[in-house]
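Input: a single structure, listed below in structure tokens.
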Amino acid sequence: MLQFTNRRPLPTLCVHLFKSYGLIQHFNLDPVSVWKLFSIIEDGYHWRNPYHNAVHAADVTQAMHCFLQENMILEHLTPLEIFCALLAAVTHDLDHPGVNQPFLIATSNHLAALYKNSSVLENHHWRSAMGCLMESGISTVLGPELVLQVEEQIKSLVLATDITRQKEFLDRLTEYLETNTLDMTLPEVRHFVLQIALKCADICNPCRPWDISRKWSMKVCEEFFRQGDYERQLNLPVTGLCDRYSTSVPKIQTGT
Ligand SMILES: [Zn+2]
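In the UniProt record's numbering, the protein residues as written are 1 to 256.
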């Protein structure tokens, strides 16, 4: 992806998607500002992270686009919902430091204090997304009312990617399916479906062709192992998942 987009995966992919969903026209956006928005977002990802970098963001956004193509979803979505779904996908790990929340708490990172040890990374990601929207000038074009709606949706979508909230979402999805109440004409149901779509897009690596899926597995494990190395250097207890000497890529991938 890096090679084909001249190392600009996010602006290349997202400007194309914004155009093809008619969002540039609908919101009367300047294509140069849209390119600027996604360039700023891309610059907010860290290339030093083996996994949580701009290519992961592009991968998740592409997967979100695939889910949005489902007719029973797409026919009900408003342009604002599509705008938010794509923006949440592309920013859902923005400025990810390459370590997890327990590490940030254990090292008294300022982000842990700022977000009171709760959904620390996810809160940082959506707030950074809103910063990019402002910096690009897009929020001025949208106007305060729409920006407020975007903020509400982006916040809720990105916070849903907090893996510790998995049960809450699975229980609600199960209830919708068992009671046959997944009514896509209701805005709250559409929002819930987009939350589920983003969560699925975020962990869809194993659904990719084997050679791609395998590369993602190696990358995510390398990021875990780096955290384990930092923990060792700092004399902190080494997280089991992050200990390159006691676990392995197959064990991590199978959750054993
Ligand atoms: Zn992610």
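Idealized CB from N, CA, C, for every residue including glycine.
Contact set for residue i: own chain, Cβ-Cβ below 8 Å, skip 5 residues either direction
i    : result
S128 : G44, T91, L94 and D95
T185 : H76
S213 : N205, P206 and C207
P237 : E231
Backbone secondary structure at residue i - three-state DSSP
i           : result
N205        : helix
Q3          : coil
T239        : coil
M184        : coil
S136        : coil
S118        : coil
R8          : coil
N123        : helix
L234        : coil
residue 268 : Since the first and last residues shown for the chain are 1 and 256, residue 268 lies out of range.
P250        : helix
H52         : coil
G131        : helix
G22         : coil
R244        : coil
S108        : coil
P60         : Looking at the sequence shown, residue 60 is not Pro but Val. V60 falls in the helix class under three-state DSSP.
V99         : coil
G143        : coil
Y176        : helix
H92         : coil
E70         : coil
D162        : coil
With 16 other Cβ atoms within 10 Å as the buried cut-off, status of residue i
i    : result
Q227 : buried
T61  : buried
A113 : exposed
C84  : buried
M64  : buried
D171 : exposed
P9   : buried
S248 : exposed
S108 : exposed
K155 : buried
D59  : buried
Q153 : buried
L142 : buried
I203 : exposed
K215 : exposed
Close beta carbons around residue i, own chain, < 7 Å, minus the five adjacent residues each side
i    : result
N49  : H96, G98 and E223
T12  : T5
L111 : L104, V120 and H124
L74  : L68
Neighbourhood of residue i by C-beta distance below 6 Å, restricted to the same chain and skipping five residues each side
i           : result
D162        : S119 and E122
Q253        : S217
I82         : Y21
H26         : P79
residue 258 : Because the chain is modelled from 1 through 256, residue 258 falls outside the range shown and cannot be assessed.
D183        : V189
V15         : V34 and W35
L133        : S139
Y51         : K219, V220 and E223
Near ligand 3: residue i beta-carbon under 7 Å from a heavy atom
i    : result
Q166 : For the structure depicted, ligand 3 is absent and the ligand set comprises only ligand 1.
Which residues have their C-beta within less than 7 Å of a heavy atom of ligand 1, listed in chain order?
-> H52, H56, V60, H92, D93, T161 and D202
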